[in-house]
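99 is the number that the numbering used here gives to position 98 of the sequence shown; each next residue is one higher, with no gaps.
Don't be surprised by glycine CBs; every beta carbon is placed ideally from N, CA and C.
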Amino acid sequence: MESFFATNSRVADEESTEIVLVNPRAGSGAALRNRQCWKRCLSGSYEVVTGANAAETERLAAEATRQGVRRLSVVGGDGTIHHACNGYLSVTNSRTQLRIIPFGTANDYAASLRLHARQVGRESFEVDVGQLRCGDFKRYFVNVAGLGLTARAAALSRSSKWFPSRIRYLAGLLRTMTHDWQYSEIRLQ
Numbered sequence: 002m003e004s005f006f007a008t009n010s011r012v013a014d015e016e017s018t019e020i021v022l023v024n025p026r027a028g029s030g031a032a033l034r035n036r037q038c039w040k041r042c043l044s045g046s047y048e049v050v051t052g053a054n055a056a057e058t059e060r061l062a063a064e065a066t067r068q069g070v071r072r073l074s075v076v077g078g079d080g081t082i083h084h085a086c087n088g089y090l091s092v093t094n095s096r097t098q099l100r101i102i103p104f105g106t107a108n109d110y111a112a113s114l115r116l117h118a119r120q121v122g123r124e125s126f127e128v129d130v131g132q133l134r135c136g137d138f139k140r141y142f143v144n145v146a147g148l149g150l151t152a153r154a155a156a157l158s159r160s161s162k163w164f165p166s167r168i169r170y171l172a173g174l175l176r177t178m179t180h181d182w183q184y185s186e187i188r189l190q
C-alpha cells in the first residue's frame with residue numbers, strides 16, 4: 002500500500018502524534034478487517050479514530066489539523082478522502098501533513114496518483130486542489146467535481162455489490178444516462 006503526503010504548510014512537527022482517521026465502511030469493511038496492512042505505513046505514536054459519517058469525518062479531520070498533529074493519515078476511499086480533505090483544508094496555516102492510505106472500493110483518486118494498494122511507501126508530493134464557491138457555500142475537491150451525474154451513478158452502483166467495482170460503476174453510469182432527467186439552468190461566473 003503506497004501513501005502520499007500533502008502538507009498544508011511546509012514544515013511538520015516531528016514531536017506531535019499522528020492521527021489515523023479510518024472509515025470503518027471503506028472497501029465494504031476491508032479497511033478495518035485488514036488494519037495490519039495499512040498499519041505498516043505508520044511509524045511512531047499514533048491514535049486511530051473512526052468517522053461514522055461524512056460530517057464526522059470532516060469534523061475529525063479539521064479537529065486534528067487544528068490541534069496541530071504532525072500527520073493526519075486517512076484510511077478509506079474516494080468519499081472518505083473528499084470529506085477529510087474538506088476538514089483538513091478548512092484550517093489555514095496548519096503544519097499538519099495529510100497522508101492518504103487508499104482502502105476504498107474503487108480508489109479512483111489513488112489510481113489517478115498512481116498509488117497502488119499493495120506497495121508501501123512514504124513519498125511526499127504536492128497535489129492540486131479545486132475549490133467550489135457559491136455565496137457562503139465553499140467546498141474543496143481533489144479528484145473530480147460533479148454536478149449530479151457522477152453522484153447518481155455512484156449511488157446506483159452501490160445496489161450491485163456482488164459485481165467487481167469497475168463493472169458496478171459502469172452499470173451505474175449506464176443506468177444514470179438512461180434516466181429521465183429534469184432540466185436545470187446553471188450559470189457560471
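Asked                                                                                                                                                                      : Found
In whole angstroms, what is the alpha-carbon distance linking GLU48 and ARG153?                                                                                            : 35 Å
Which value, in whole angstroms, describes the spacing of the CA atoms of THR66 and THR179?                                                                                : 43 Å
The ligand ATP heavy atoms versus the CB of LYS40: any closer than 8 Å?                                                                                                    : Although the ligand ATP was asked about, the structure shown includes no ligands whatsoever.
In chain order, which continuous runs of the beta strand (DSSP E) of length 3 or greater are located wholly inside the region 90 to 143?                                   : 98 to 103, 122 to 125, 131 to 135 and 138 to 142
Just verifying my parser: in three-state terms, what is the DSSP assignment at THR179?                                                                                     : coil
Given this structure, state the Cα-to-Cα distance separating THR93 from ILE168, to the nearest angstrom.                                                                   : 39 Å
Does DSSP classify THR18 as helix, strand or coil?                                                                                                                         : coil
What residue does the beta strand (DSSP E) around ARG72 start on, and which one ends it?                                                                                   : 72 to 77
Provide the residue span of the beta strand (DSSP E) that contains VAL49, from first to last.                                                                              : 47 to 51
Mind checking which residues open and close the alpha helix (DSSP H) that includes ALA55?                                                                                  : 55 to 68
Kindly give me the distance between the Cβ atoms of LEU22 and VAL50, rounded to whole angstroms, as I take these residues to be in contact under 8 Å.                      : 6 Å
Within the same chain, show all residues whose beta-carbon is closer than 6 Å to that of VAL130, passing over the 5 residues directly before and after it, in chain order. : TYR141 and VAL143
Do GLU59 and ALA85 have their beta-carbon atoms positioned less than 9 Å apart in this structure?                                                                          : yes
What are the boundary residues of the alpha helix (DSSP H) that includes ALA146?                                                                                           : First-last for ALA146: undefined, no H or E at that position.
Is it true that the CB of SER91 sits closer than 9 Å to the CB of ALA53?                                                                                                   : no
Keeping to the same chain, check which residues put their C-beta closer than 7 Å to that of VAL145; ignore five residues upstream and five downstream.                     : THR151
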